[in-house]
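Residue numbers (UniProt numbering): 1 to 140.
Written out as structure tokens, the structure is:
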């Protein structure tokens, strides 16, 4: 089976739900979130986690995961800015099926926390040690 590596920037609440799934699935979308947006490259995911999730949620994380490439054909790449800003638009009602096509585990590759100079990057190991397990911060 051929796979495609995708990325998803998340805040602390979504990260906790991913962890609760055993690192195997993304949580259902909220009613006001009709689309699930995985992105095609880590650079774009870092921009969102660092610049948007930290401001909205107090921290931001980049996840990486592989998906069956044949399954992904149904979702055309969307360019939503510059050439680096590429993402897939997965309707919320298809997320459960999308999750079943994830191959392996979802991994955290980058984490960002606020600092006086702006968002500060930390290693993935630090992210899980310093994140409060019961944190109830609203994700952006």
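Glycine included, each C-beta is placed from N, C-alpha and C at the ideal position.
- prompt: Is it true that the CB of residue 44 sits closer than 8 Å to the CB of residue 85?
  reply: Cβ atoms of residue 85 and residue 44: closer than 8 Å.
- request: Assign residue 24 to one of two classes, buried (16 or more other C-beta atoms within 10 Å of its C-beta) or exposed (fewer than that).
  value: exposed
task: List the endpoints of the continuous beta strand (DSSP E) containing residue 73.
output: Neither: residue 73 is in no beta strand (DSSP E) and is coded neither H nor E.
message: Let me check understanding here. Comparing Cα to Cα, which of 51, 65 and 66 lies closest to residue 59?
response: Comparing Cα-Cα distances from residue 59 to each of 51, 65 and 66, the minimum goes to 51.
- prompt: Taking contact to mean at least 3 C-beta pairs separated by less than 8 Å, is the segment 74 to 92 in contact with the segment 102 to 109?
  reply: no
- prompt: What's the call for residue 115, buried or exposed, on a 16-neighbour Cβ count within 10 Å?
  reply: Looking at its Cβ environment, which holds fewer than 16 other Cβ atoms inside 10 Å, residue 115 is exposed.
message: Using a Cβ-Cβ cutoff of less than 8 Å, which residues in the same chain neighbour residue 42 once the five nearest sequence positions on both sides are dropped?
response: 7, 62, 64, 109 and 110
task: For the alpha helix (DSSP H) containing residue 147, list its first residue and its last residue.
output: Outside the shown range of the chain, which is 1 to 140, sits residue 147, and nothing can be said about it.
query: When the Cα atoms are used, what is the spatial distance from residue 29 to residue 96?
result: 10 Å
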